[in-house]
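Numbering (this note's numbering), first residue to last: 3 to 672.
All C-beta atoms, glycine included, are put in the ideal place defined by N, C-alpha and C.
Given the structure is predicted, the values throughout are model-derived calculations rather than measurements.
Scroll down for the structure; my scribbles are underneath it.
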């Protein structure tokens with residue numbers, strides 16, 4: 003895996019270094035000078051450094067770990083697929099804990115109600131026995147229960163801790179509890195020694211019996227409900243921490259739970275709620291803690307309020323609660339539990355199938371992306387033969403097929419580019435050869451000034467011009483246009499150059515030269531090439547000009563007074579139909595100029611497609627020819643203005659000859 007680009011982290015790295023520098027300076031100043039201000043500055047610098055370092059480290063780990071698409075997909079699956087399961091599990095665990103606490107509270111209230119009913123039955127049973135007008139010390143106790151007998155409201159026998167007078171408030175409380183649920187939440191009474199207990203009474207006529215639990219009320223709750231119970235008065239110094247939350251007019255009081263357990267208390271808990279197999283495991287420990295409360299604790303003797311409330315700290319093990327929940331289940335309950343378990347297993351199987359499908363999809367996507375990454379890396383190293391095996395029928399499969407097609411086209415383009423580069427080199431060499439075929443330096447003498455222009459439309463042009471010596475002091479001017487462009491036209495131009503040079507040096511007549519060139523071009527009937535050409539012989543001594551034309555554009559004669567003559571000499575092009583070339587004779591005077599050009603200048607098009615044309619050529623050539631260069635530049639400027647500076651569509655060739663007279667000794671202007 004290639005390392006992530008370090009440039010995006012450079013700014014954070016600089017911040018880390020700056021924070022470290024500030025921290026070092028603050029530390030050094032604190033060590034040298036001291037003071038509270040510097041100590042606070044050092045703490046602030048340390049905090050900033052740790053924050054910036056943590057952000058930098060987080061970004062570093064994030065970029066490196068999540069560079070892979072597969073890891074990003076897997077992490078996304080964890081966030082979208084597994085994290086909600088974890089959150090729901092936590093929420094379900096919390097809800098289960100609350101449900102278990104509610105169940106524990108229900109067991110507590112059921113136990114309290116059972117103890118209360120037991121006290122009432124014990125009082126009735128004692129009331130049915132023969133009255134005892136003695137001290138009754140022996141009959142006063144029956145296990146954890148304490149009794150007292152009353153006659154006409156006065157105690158006649160029983161425990162010494164009992165009230166001397168019958169507690170009338172207890173009858174009123176029992177009567178009102180049938181209609182007031184709040185009264186049923188106040189089952190506890192305070193004994194004279196301050197301990198908390200349960201009490202009940204029964205009376206018939208003048209006789210009454212009072213029964214209550216001694217100090218073993220907590221033990222009775224534990225034995226009956228098989229959970230831990232511990233009772234605290236609100237004014238008990240052992241009371242647990244209380245948190246009061248005020249929500250508008252409603253106050254919520256949260257009391258502490260039984261968290262700290264002594265060895266004796268744990269032993270007592272395991273005795274009342276024995277584990278399945280000793281030693282006790284995690285599910286046998288008192289993990290579930292709950293709190294119940296009973297408002298306003300009253301004294302047994304007179305019913306006065308002695309404490310705001312009574313708190314009961316409850317604890318149970320998960321196994322004990324499950325045992326209590328399932329102990330009374332009949333066949334219907336068992337069927338419901340079986341249905342719930344079956345539904346849970348079905349949901350688990352569906353989730354497992356969905357998770358397997360997600361893992362399969364993530365693996366497939368990651369593998370496809372990795373293949374693309376490896377193939378891209380190989381292409382980046384110049385291996386264009388790499389291909390991705392495509393088996394997918396989805397968007398990634400289409401992307402892989404597109405990648406293969408792109409690489410195939412790219413491979414073809416690279417091969418074409420290599421071939422084009424080689425061809426460009428060959429064309430450059432051929433163009434150089436063509437440039438070498440054109441005259442490098444023209445020195446016609448003091449009586450003649452010549453200016454030329456050659457602008458090919460392709461790498462190798464089809465136009466050709468030359469100025470050669472002819473006879474004693476004469477000149478031969480050749481302008482030719484080979485049909486087509488490129489290498490074939492360049493080869494024909496080279497043949498023309500060789501043939502013309504040899505024949506002009508031999509002093510052949512223009513008709514003879516054109517006849518031989520036509521035969522040379524018609525050697526291979528299946529590969530003919532037409533050539534238009536103009537050949538002019540000029541004698542500076544007398545200004546005689548002889549022109550032979552083979553299908554080439556007209557020659558223009560510009561007199562010294564600015565008048566323009568278009569010399570039209572019709573004749574068949576070389577290599578075409580047989581026939582003699584067009585012939586013409588003129589005599590030049592001092593200051594006259596002759597212009598030869600190719601059809602690339604005449605057929606130059608404007609942006610609207612309009613041809614430059616013969617008329618514009620005559621118009622731009624009109625005027626006294628001050629020099630050959632001025633005549634050339636004037637015509638070329640007009641053509642460029644007409645085309646808007648666009649590249650030529652055909653080769654443009656221009657030759658201008660200015661005759662200064664036989665007696666002129668002025669230097670030539672090239």
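Just measuring C-alpha positions, the residue of 588, 594, 559 sitting nearest residue 619 is 559. Residue range 198–206 is occupied by the beta strand (DSSP E) that includes residue 203.
With fewer than 16 other Cβ atoms inside 10 Å of its own Cβ, residue 69 counts as exposed. Within 10 angstroms of the beta-carbon of residue 123 lie fewer than 16 other beta-carbons, which makes it exposed. Assigned with DSSP and collapsed to three states, residue 343 falls in helix. Between the alpha carbons of residue 276 and residue 189 lies a gap of roughly 29 angstroms.
Here the region 377–390 makes no contact with the region 103–114; the two share fewer than three CB pairs at distances below 8 angstroms. Beta-bridge analysis with DSSP links residue 213 to 149, 202.
About 5 angstroms separates the CB atoms of residue 313 and residue 295; that is less than 8 angstroms, so the two are in contact. Contact between residue 622 and residue 594 does not hold, since the beta-carbon distance rounds to 17 angstroms and is not under 8 angstroms.
For residue 171, the closest alpha carbon among the candidates 304, 99, 219 is that of 304.
The beta carbons of residue 491 and residue 462 sit about 7 angstroms from each other, so the pair counts as a contact at 8 angstroms. Distances from the CA of residue 645 to each of 616, 634, 626, 608 were compared; the closest alpha carbon is that of 608. Measuring C-alpha to C-alpha distances from residue 207 to each of 154, 159, 226 identifies 154 as the nearest.
Nearest C-alpha to residue 307 among 400, 215, 194: 194. Residue pairing for residue 314: DSSP places it in a beta bridge opposite 233, 294. DSSP, reduced to helix, strand and coil, places residue 383 outside both helices and strands of the structure shown, so it counts as coil.
Note that the region 582–594 touches the region 539–554; at least 3 beta-carbon pairs, one per stretch, sit closer than 8 angstroms.
A distance below 8 angstroms separates the beta carbons of residue 534 and residue 553. For residue 86, the uninterrupted alpha helix (DSSP H) segment begins and ends at 85–130. Nearest neighbour of residue 98 by Cα position, chosen from 158, 292, 283, turns out to be 292. Per the DSSP secondary-structure output, residue 451 pairs in a beta bridge with 660. Close CB contacts of residue 81 within its chain, under the 8 angstroms cut and outside five residues either way in sequence, are absent.
With fewer than 16 other CB atoms across the displayed protein chains lying within 10 angstroms of its CB, residue 264 is exposed. Membership of residue 468 in the beta strand (DSSP E) is indicated by the continuous run 465–472. Sequence-distant Cβ neighbours of residue 601 in its own chain, meaning closer than 6 angstroms and more than five residues away, are 555.
Judged by beta-carbon spacing, residue 213 lies within the 8 angstroms limit of residue 125, meaning their Cβ atoms are closer than that value. Annotation: the continuous alpha helix (DSSP H) that includes residue 267 extends over 265–274. Between residue 200 and residue 85, the CB-CB gap reaches or exceeds 8 angstroms. Runs of the beta strand (DSSP E) lying entirely within the region 504–567, each at least 3 residues long, are 533–541, 546–552, 557–560 in chain order. Scanning 268, 661, 374 for the CA closest to the CA of residue 408 turns up 374. Residue 406 and residue 392 do touch by the CB rule: their CB atoms are close to 7 angstroms apart, below 8 angstroms. Excluding residues up to 5 positions away in sequence, 392 lie with their Cβ nearer than 8 angstroms to the Cβ of residue 403 in the same chain.
Per DSSP, reduced to three states, the secondary structure at residue 614 is coil, with no helix or strand assignment. For residue 633, the uninterrupted alpha helix (DSSP H) segment begins and ends at 630–645.
Beyond the five residues adjoining it in sequence on each side, residue 148 comes within less than 8 angstroms, by CB distance, of 142, 160, 161, 163, 164, 213, 214, 215, 216 in the same chain, given in chain order.
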